[in-house]
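Q:
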Amino acid sequence: MSHLVLVLLLATGLLAVARAHRPSALASAQGTTYTCAGYVALTFDDGPSTNTPAVLNALRRTGLKATFFLVGRNVQAHPDIARLVVEAGMKVGNHTMDHAHLPTLSQAAMRQELTQTSALIETTTGRRPAWFRPPFGETTPAVEATARGLGMTQVIWSRDTKDWAGRSVDDVVQVLSQVRPGDIVLMHDAQRTAVPALARIAEVLRSRRLCSGQLDYSSTAEPAWDGLTYHAIAGRWS
Ligand SMILES: [Zn+2]
């Protein structure tokens, strides 16, 4: 075999490898790879908790990605687990220091909830949150403007698994089976349903060729409830 043939074979092989690893819209879930027909953003609120490492393992096993909206007091209680979230390749958002009812607070106290949390998340994990989610979905134009002034986009959700209300794993998976591309799904990593649900969520998404994605800014106002809107949509994870 001539050197030229060898070089050509090598080049073809390298090209094939490059294609296989090209960061196209491919997802790998439980050993199979597929082209993404759309994205769904999985979000976990209220952590970090002692259950978070198990959730991170489940995400790793299933090839899913998620955004964790951290509560400042829980970051103070579990700084190592907050760092694990980032080390696992997940994204972190601001969910206030005290899981506060923000609209009941003074402007100064509300601002303090947001600034303190972003500073704490950054010093603990090295990542400054770009996204903010108001606890209980309770917000006002002043809350939204404060978050924006701190460089964050406010996001609510489009699908609530209600895992916080004692729902079963079946109930949680059922919500995921109804998602549409672009949806933002609310879950909580401290809930016992989180780990068992994730394996089945991966299957449900794969069966519909949907991939777990990141939060992206949307110029369209997405409706939440009671006239409340937000500017976010699920997009390709990067
Ligand atoms: Zn919350």
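Residue numbers -20 to -1, 1 to 218, in mature numbering (1 follows the signal peptide of the UniProt record, and there is no 0), belong to the letters of the sequence shown in order.
From the three backbone atoms N, C-alpha and C, an ideal C-beta is built for every residue, glycine too.
Could you tell me the distance, in whole angstroms, from the CA atom of S148 to the CA atom of T173?
A: 7 Å
Q: The beta strand (DSSP E) that contains E202, what's its start and end?
A: 194 to 203
Q: Pick helix, strand or coil for I164, following the three-state DSSP scheme.
A: strand
Q: Leaving out the 5 sequence neighbours to the left and right, which residues in its chain are closer than 7 Å to G215 when beta-carbon positions are compared?
A: Y19, G193, Q194, D196
Q: Tell me Q134's beta-bridge partners as DSSP assigns them.
A: F112
Q: Could you tell me which residues DSSP puts in a beta bridge with G215?
A: In the DSSP output, where bridge partners are listed per residue, G215 has Q194.
Q: Does D25 pass the burial test, meaning 16 or more other C-beta atoms within 10 Å, or should it be called exposed?
A: Classification for D25: buried.
Q: Looking only at its own chain, which residues have a Cβ that is under 7 Å from the Cβ of S218, when we skip the five neighbours before and after it?
A: A distance below 7 Å between beta-carbons, with the five flanking residues on each side excluded, links S218 to the following residues of its chain, in chain order: Q194.
Q: Going straight from the alpha carbon of T30 to that of H58, what length do you get?
A: Going from the Cα of T30 to the Cα of H58 covers about 8 Å.
Q: Let me know the secondary structure DSSP gives G18 once reduced to three states.
A: strand
Q: Is any non-hydrogen atom of ligand 1 found closer than 8 Å to the C-beta of D140, if you look at the structure I gave you?
A: no
Q: Give me, in chain order, the residues of the same chain whose beta-carbon lies closer than 7 Å to that of R40; leave out the 5 immediate sequence neighbours on both sides.
A: A68
Q: For a test of the three-state rule: what should DSSP assign to L44, helix, strand or coil?
A: coil
Q: For N74, which of helix, strand or coil comes out of DSSP?
A: If DSSP states are grouped into helix, strand and coil, N74 belongs with the strands.
Q: Evaluate S157 with the Cβ neighbour count: other Cβ atoms within 10 Å of its Cβ, from every protein chain shown; 16 or more gives buried, anything less gives exposed.
A: exposed
Q: Between the Cα of I213 and the Cα atoms of G52, D163, R189, R188, which residue gives the shortest distance?
A: D163
Q: When every heavy atom of ligand 1 is checked, does at least one fall within less than 8 Å of the C-beta of V51?
A: yes
Q: Taking 8 Å as the cut-off, is the beta-carbon of D26 closer than that to any non-hydrogen atom of ligand 1?
A: yes
Q: Relative to the C-alpha of R186, which candidate in A204, L166, S199, V159 has its C-alpha closest?
A: Sorting A204, L166, S199, V159 by C-alpha distance to the C-alpha of R186 places V159 at the top.
Q: By Cβ distance below 7 Å, which residues in the same chain neighbour S198 in space, the five residues on each side in sequence not counted?
A: H211, A212, I213
Q: Helix, strand or coil for L60, going by three-state DSSP, please let me know.
A: Here the sequence assigns Asp to residue 60, which means Leu is not the residue at that position. Looking at D60 - three-state DSSP - the assignment turns out to be helix.
Q: Near V175, which residues of its chain fall below 7 Å by C-beta distance, leaving aside the five closest residues on each side in sequence?
A: A34, V35, A38
Q: Going by the C-beta, is F112 closer than 8 Å to any heavy atom of ligand 1?
A: For ligand 1, not one heavy atom lies less than 8 Å from the Cβ of F112.
Q: Quick check on the DSSP output: the alpha helix (DSSP H) that includes D169 runs from which residue to which?
A: Per DSSP, D169 belongs to no alpha helix (DSSP H) and is neither H nor E.
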